[in-house]
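A.B. asks: Residue 116 in my numbering is what sits at position 108 of the sequence shown, and the numbering runs on without skipping anything.
Beta carbons: idealized from backbone N, C-alpha and C, even for Gly.
Quantities reported herein were computed from a predicted structural model and do not represent experimental measurements.
This is the structure I have questions about; it appears just below.
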Amino acid sequence: MNPQQRMRFIEHQSRAFHMGTIEIINDQWVFFDEETDEAMMLDEYLNQEIEVFRHHKWFKGILAEDGQIQLFNETVFLMDQMNLRIRKKLLYSFEMLLDEYSDDTFVYFLQNLNALEFSIYDCIYCYNHLSFFPAEENKHGVNFLVFDNGEKICAVQHHFNHPEPAKERFEYTLNCGKRVIVEKMNPY
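As structure tokens, this is what we get:
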């Protein structure tokens, strides 16, 4: 699986965006998240990709200075009450953990997480024990993750043993008491 294929899996996760509207307050653009009612200064996202809703469709662009969004073939100026969405960032430790996963483990983890109605963008805590091992060393231990989808909490213990035989065990425990344990053997 190439990096673009992994990116497609990540991009199509639910709850991947902060969605909301913008207002100009004291000569500064403020973004209001429609889910949390939280206000953020839009200039925090300068030179980053954002999406603007125009003509009943979302368009990707780069937020530039002076209230401009550079789309593929045009420049759009910010307007009061414009609908925007801004991709959420993953926790750094979680992003590194996903990079450590083999392609099979990556897909396996995402499919099981999504089946429980959680997205990778719901991750609120990640202890990545894999990051403490040198690349050439045999690795075994546990990573701890916590997800919050706004309705339920899910704690994940990822038990790993690399390289031979490579074994991945994921224990998903929801706050409602539901528990799922899945194990995968990977040939290396």
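Kindly list the residues whose CB is nearer than 6 angstroms to the CB of Phe-61, restricted to its own chain and excluding five residues on each side of it in sequence; keep chain order.
C.D. replies: Taken in chain order, the residues that qualify are Asn-91.
A.B. asks: List the endpoints of the continuous beta strand (DSSP E) containing Asn-91.
C.D. replies: Per DSSP, Asn-91 belongs to the beta strand (DSSP E) from 91-95.
A.B. asks: Using only CA atoms, which one of Lys-186, Pro-171, Phe-39 and Glu-125 lies nearest to Leu-86?
C.D. replies: The option with the nearest alpha carbon to Leu-86 is Phe-39.
A.B. asks: From Asn-55 to Gly-75, what distance separates their C-alpha atoms?
C.D. replies: Asn-55 and Gly-75: Cα-Cα distance of roughly 12 angstroms.
A.B. asks: Are Glu-57 and Lys-68 closer than 8 angstroms when you measure CB to CB?
C.D. replies: It is a contact, given that the beta carbons lie within the stated cut-off.
A.B. asks: Within the stretch 112-188, note down every full beta strand (DSSP E) run reaching 3 residues or more, in order along the chain.
C.D. replies: Runs of the beta strand (DSSP E) inside the stretch 112-188: 131-135, 147-156, 161-170 and 174-182.
A.B. asks: Based on the DSSP output, what are the partners of Ile-33 in its beta bridges?
C.D. replies: Answer is Gln-36, bridged to Ile-33.
A.B. asks: Looking only at DSSP bridge pairs, what is Ala-72 linked to?
C.D. replies: The partner list for Ala-72 (beta bridge, DSSP) reads Gln-76.
A.B. asks: For Asp-156, which residues of its own chain have a beta-carbon under 6 angstroms away from its beta-carbon, when the five flanking residues on both sides are left out?
C.D. replies: Excluding sequence neighbours, Asp-156 sits near Asp-130 and Ile-132.
A.B. asks: Hey, is the stretch 114-129 in contact with the stretch 182-194, meaning 3+ C-beta pairs nearer than 8 angstroms?
C.D. replies: Flag = yes, the stretch 114-129 and the stretch 182-194 touch.
A.B. asks: To which residues does DSSP link Arg-62 through a beta bridge?
C.D. replies: Lys-65.
A.B. asks: Apply the 10 Å Cβ neighbour rule to Asn-136 and answer buried if 16 or more other Cβ atoms are within range, or exposed otherwise.
C.D. replies: Buried, by the Cβ-count rule.
A.B. asks: Under the three-state reduction of DSSP, which class applies to Asp-88: helix, strand or coil?
C.D. replies: Asp-88: coil per DSSP, three-state reduction.
A.B. asks: According to DSSP, which residues form a beta bridge with Ala-24?
C.D. replies: DSSP lists no partner for Ala-24.
A.B. asks: Looking only at its own chain, which residues have a Cβ that is under 8 angstroms from the Cβ of Ile-161, when we skip the five neighbours before and after it?
C.D. replies: If we look at Ile-161 and ignore the five residues flanking it on each side, its Cβ neighbours are Val-154, Phe-155, Leu-182 and Asn-183.
A.B. asks: Specify the secondary structure class of Asp-41 as computed by DSSP and reduced to three states.
C.D. replies: It is a strand residue.
A.B. asks: Is there a Cβ of chain C sitting closer than 8 angstroms to that of His-148, yes or no?
C.D. replies: You won't find chain C in this structure, because it holds only one protein chain.
A.B. asks: Residue range of the beta strand (DSSP E) that Tyr-9 falls in?
C.D. replies: Tyr is not the amino acid found at residue 9; the sequence shown has Met there. No beta strand (DSSP E) holds Met-9; DSSP gives it neither H nor E.
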